[in-house]
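Here the structure comes first, spelled out in structure tokens, and everything after it is commentary.
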Amino acid sequence: MNFIFSMMYKRSWKNLFPVYFGITIIVEILFTMKVNFVTERLYNYLDMFCIGYFGFIYFKETNKNLVLKIVCFFFLILSGIFIFISETEYSIVTGYLYCLFLIFISLFWMYQKISDNNQEDSLINLSFFWLSISLLFWAVFYIFRMFPMYYFNNEDVGFLEEISKVFTLINIITYLLFMRSLFCKR
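Numbering follows the UniProt record's numbering, with no gaps: position 156 of the sequence shown is 156.
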């Protein structure tokens, strides 16, 4: 649904939202169809793509802030290293790095807006406010989903399945918040 809305609103093209949604949808479809050449490693590459993507749009939004550029490259390099040395198909460290990056950029953007004395608009009228809230919300819950994943995969598969169901609800809420950002004029 977000993909469709992002295609309809021209202002969403400036942040390339349709590209983000399109790539995410393709990856999810490949996993759902269980295509034989696709491994869990693809999720690591999606994590790296998302670090680069969100780093790019927040970099533009913060008037090309050098701190964001450095942090983005740092997280991309670290993610690449951990993918390379990972002994499992999915490097959980890369997932953590992605979450930490989302938390950082969301809080960094909010701090800049809150500390801006010339702020004319209310924060809730800004699309990046809703985007930041959605990324922050998702990243925090994803950490709590990932942390026990390997332990419960061996010890309590039922509980792991329940965590997965709850996380599906978290994804829905995240994309609703993301969709809210598409309706903002600024």
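For glycine and all other residues, C-beta sits at the position ideal for the given N, C-alpha and C.
The structure presented is a predicted model; accordingly, all values stated were derived computationally and were not measured.
query: With a CB to CB cut of under 6 Å and the five nearest residues on each side skipped, what residues in its chain are close to Ile83?
result: Asn44, Ser91 and Thr94
message: Only counting the same chain, and skipping five residues up and downstream in sequence, which positions put a Cβ closer than 6 Å to that of Arg41?
response: Glu89
- prompt: Using the rule of at least 16 other Cβ atoms within 10 Å of the residue's Cβ for burial, across every protein chain shown, is Val71 buried or exposed?
  reply: buried
task: Look at the alpha carbon of Ser142 and the alpha carbon of Val67, and state the distance between them as a whole number of angstroms.
output: Looking at the sequence itself, residue 142 is Tyr, so the reference to Ser does not match. Rounded to whole angstroms, Tyr142 to Val67 spans 25 Å at the Cα level.
field: Burial state of Ile168 (16 or more Cβ within 10 Å)
entry: Strictly speaking, residue 168 in this sequence is Thr, with Ile absent from that position. It is exposed - the Cβ of Thr168 has fewer than 16 other Cβ atoms within 10 Å.
query: For Val140, which residues from the same chain have a beta carbon less than 8 Å from its beta carbon, with the 5 sequence-adjacent residues on both sides left out?
result: Cys99 and Ile103
- prompt: Could you give the residue range of the alpha helix (DSSP H) that holds Tyr151?
  reply: Met149 to Glu155
task: Starting from the C-beta of Phe129, find all residues in its chain whose C-beta is less than 6 Å away, skip the five residues before and the five after it, and write them out in chain order.
output: Leu123
task: For the alpha helix (DSSP H) holding Cys99, just list the boundary residues, first then last.
output: Ile92 to Ser115
message: Between which two residues does the alpha helix (DSSP H) holding Lys69 run?
response: Leu66 to Ile85
field: Assigned secondary structure, Val19 (DSSP; H/G/I helix, E/B strand, else coil)
entry: helix
query: Which class does Val38 belong to by DSSP, given the choice of helix, strand or coil?
result: coil
message: Beta-carbon within less than 7 Å of Gln112's beta-carbon, same chain only, minus the 5 sequence neighbours each way: which residues are those?
response: Thr62
task: Identify which residue in Ile51, Ile172 and Thr39 has its Cα closest to the Cα of Val27.
output: Thr39
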